[in-house]
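Q: So that we are looking at the same thing, I have put the structure below in structure tokens.
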Amino acid sequence: MVINCKEIADEIIMKSKERIEKLKKLGVYPKLAVVMVGNDEASKIYVHNKTEACEKAGIETEEFIYNENISEKGLIGAIENLNSDPLVTGILVQMPLPKHIDETEICRAISPKKDVDVFNPQNFGSFMLGNKSLIPCTAYGIIKILEYKEISLSGKNCVIIGRSNIVGKPTALLFTNHDATVTLCHSKTKDLKSFCMNADIIVSAAGVPKLVTKDMVKPGAVIIDVGINRDENGKICGDVDFENAEPLCSYITPVPGGVGPVTVAALINNTTELAYSKII
Ligand code: NDP
Numbered sequence: 035m036v037i038n039c040k041e042i043a044d045e046i047i048m049k050s051k052e053r054i055e056k057l058k059k060l061g062v063y064p065k066l067a068v069v070m071v072g073n074d075e076a077s078k079i080y081v082h083n084k085t086e087a088c089e090k091a092g093i094e095t096e097e098f099i100y101n102e103n104i105s106e107k108g109l110i111g112a113i114e115n116l117n118s119d120p121l122v123t124g125i126l127v128q129m130p131l132p133k134h135i136d137e138t139e140i141c142r143a144i145s146p147k148k149d150v151d152v153f154n155p156q157n158f159g160s161f162m163l164g165n166k167s168l169i170p171c172t173a174y175g176i177i178k179i180l181e182y183k184e185i186s187l188s189g190k191n192c193v194i195i196g197r198s199n200i201v202g203k204p205t206a207l208l209f210t211n212h213d214a215t216v217t218l219c220h221s222k223t224k225d226l227k228s229f230c231m232n233a234d235i236i237v238s239a240a241g242v243p244k245l246v247t248k249d250m251v252k253p254g255a256v257i258i259d260v261g262i263n264r265d266e267n268g269k270i271c272g273d274v275d276f277e278n279a280e281p282l283c284s285y286i287t288p289v290p291g292g293v294g295p296v297t298v299a300a301l302i303n304n305t306t307e308l309a310y311s312k313i314i
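Taking our numbering, the leading residue of the sequence shown gets 35, the next gets one more, and so forth.
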């Protein structure tokens, strides 16, 4: 069955909206600063989706768009201004950044108190250690999708393809905390198929079209396709050969309209959490 992720995203956004309405009655008006560098078309679409979701939830947004020649120092200065602006609740820096800017330094510059994406090493470290922290957006979204469909992780064999700090690693940690047995695969994994064939749940976040084919899927498995790619015709697609794998799965997320909108909803949830932390 194809999971209706739009429904899940809407539910998360509506819950945040209710919480934000309560905050506004207390005089707290959440605002997300969206920082973008350059003119990347994909980034523009992501930023548009995020600001649109903020609007639905009642979160004000302000975009700060810089020329792609901005220096690292200049960008850090701009972020520091937002860090000290009392009207800004959260700061989102749209990745990727131009090559001359060190993304790690930019993540370090975002105040941990305004870090909606859990990019700052202090926040990411707290999350990995299991201390109180926000949850990285895509990992949060994946857990919400599974919860919504009442798919338990306990005792399940899960294969996560991709070990990035943004998706693979946080998802592996969350799954482990939910009592799953996790295999984290990557580009050097030998015989990816043998791992996938034994998986109850496959999360693919490699960014490779048709990486997961039907012969890799155990009948009844759940597939969460995180990848956002373009196929040979320029059409958006995930990492999974959807057409052929779908009939074998108990559940599968589509691309587009799958993990993407739920990740955006997770961003709204995290911004709401940061706004609440101001009054606690
Ligand atoms: P990265 O490029 O940072 O990481 C990709 C990971 O996949 C790496 O660990 C890499 O291995 C692994 N990998 C690449 N090729 C293969 C292969 N052939 N077999 C097995 N593993 C492989 O990407 P991100 O984590 O940032 O993003 C992954 C995908 O998810 C992209 O398509 C991105 O657009 C999408 N994405 C979607 C989101 C959403 O909301 N839906 C959010 C974030 C990302 P190695 O470490 O060895 O290089």
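Note that CB positions come from ideal geometry on N, CA and C, so glycine has one too.
This structure is a prediction, so every number in the text was calculated from the model and none was measured.
For Asn38, tell me which candidate among Lys178, His212, Lys269, Val193 has the shortest Cα-Cα distance.
A: When each option's Cα is compared against that of Asn38, the closest is Lys178.
Q: In the DSSP assignment, what residue or residues form a beta bridge with Asn191?
A: Note: Asn191 sits in a beta bridge opposite Thr215.
Q: Run through DSSP, which three-state label would Lys252 get?
A: Looking at Lys252 - three-state DSSP - the assignment turns out to be coil, as it is neither helix nor strand.
Q: Give me, in chain order, the residues of the same chain whose beta-carbon lies closer than 7 Å to that of Glu45; leave out the 5 immediate sequence neighbours on both sides.
A: Excluding positions up to five away in sequence, the list is empty.
Q: Looking at C-alpha atoms only, which residue of Lys269, Thr306, Thr305 is the closest neighbour of Pro290?
A: For Pro290, the nearest C-alpha among the options comes from Lys269.
Q: By the DSSP assignment, the alpha helix (DSSP H) with Leu45 in it spans what residues?
A: Sequence inspection shows Glu at residue 45; the Leu mentioned does not correspond to that position. Taken as a continuous stretch (DSSP letters only), the alpha helix (DSSP H) holding Glu45 covers 39 to 59.
Q: Count the other CB atoms within 10 Å of the CB of Gly272; is the residue buried (16 or more) or exposed (fewer)?
A: The residue in question, Gly272, is buried, as its Cβ has 16 or more Cβ neighbours within 10 Å.
Q: Quick one: does Thr123 have its CB under 8 Å from some CB of chain B?
A: No chain B is part of this structure, which consists of one protein chain only.
Q: Ligand 1 and Cys219: does any heavy atom of the ligand fall closer than 7 Å to the residue's C-beta?
A: Checking the Cβ of Cys219 against ligand 1 gives yes.
Q: Take Glu55 and list the residues in its own chain whose beta-carbon comes closer than 7 Å to its own, dropping the five residues that flank it on each side.
A: The residues are Gly92.
Q: Given a threshold of 16 other Cβ atoms within 10 Å of its Cβ, counted over all protein chains shown, does Ile286 qualify as buried or as exposed?
A: It counts as buried.
Q: Taking the DSSP output, what are the residues bridged to Asn263?
A: Per DSSP, Cys271.
Q: At a cut-off of 7 Å, is Gly268 close to ligand 1 when judged by its beta-carbon and the heavy atoms of the ligand?
A: Result no, Cβ not under 7 Å from ligand 1.
Q: For the beta strand (DSSP E) containing Tyr100, list its first residue and its last residue.
A: First-last of the beta strand (DSSP E) with Tyr100: 94 to 100.
Q: Give me the Cα-Cα distance between Asp74 and Pro130, rounded to the nearest whole angstrom.
A: Cα to Cα, Asp74 sits roughly 9 Å from Pro130.
Q: Is DSSP giving Ile135 helix, strand or coil here?
A: In this structure, Ile135 counts as coil in the three-state DSSP scheme.
Q: Per DSSP, what kind of secondary structure is Ser105 in: helix, strand or coil?
A: Looking at Ser105 - three-state DSSP - the assignment turns out to be coil, as it is neither helix nor strand.
Q: Using only CA atoms, which one of Asp275, Ala300, Lys224 lies nearest to Glu266?
A: Minimum Cα distance to Glu266 is reached at Asp275.
Q: Quick one: using the 10 Å Cβ neighbour count with 16 as the cut-off for buried, is Lys224 buried or exposed?
A: Label assigned to Lys224: exposed.
Q: What's the gap between the Cα of Ile125 and the Cα of Thr210?
A: Distance between the alpha carbons of Ile125 and Thr210: 29 Å.
Q: My output table needs one value for Ser167: the three-state DSSP class, helix, strand or coil.
A: If DSSP states are grouped into helix, strand and coil, Ser167 belongs with coil.
Q: On a Cα-Cα basis, can you pick out the residue from Ile113, Gly189, Leu57 that is closest to Asp234?
A: Of the candidates Ile113, Gly189, Leu57, the one whose C-alpha sits nearest the C-alpha of Asp234 is Gly189.
Q: Looking at the secondary structure, which residues open and close the alpha helix (DSSP H) in which Leu126 lies?
A: First-last for Leu126: 124 to 127, but that is the beta strand (DSSP E), not the alpha helix (DSSP H).
Q: If you measure between the beta carbons of Val81 and Glu94, is that distance less than 8 Å?
A: The answer is no: Cβ separation not under 8 Å.
Q: Just the Cα atoms here: how many angstroms apart are Lys84 and Pro64?
A: Computed Cα separation, rounded: 14 Å.
Q: Please identify the residue among Val293, Ile104, Ile176 whose C-alpha is closest to the C-alpha of Asp136.
A: Comparing Cα positions, the closest option is Ile104.
Q: Mapping DSSP to helix, strand and coil, what is Ile286?
A: Looking at Ile286 - three-state DSSP - the assignment turns out to be strand.
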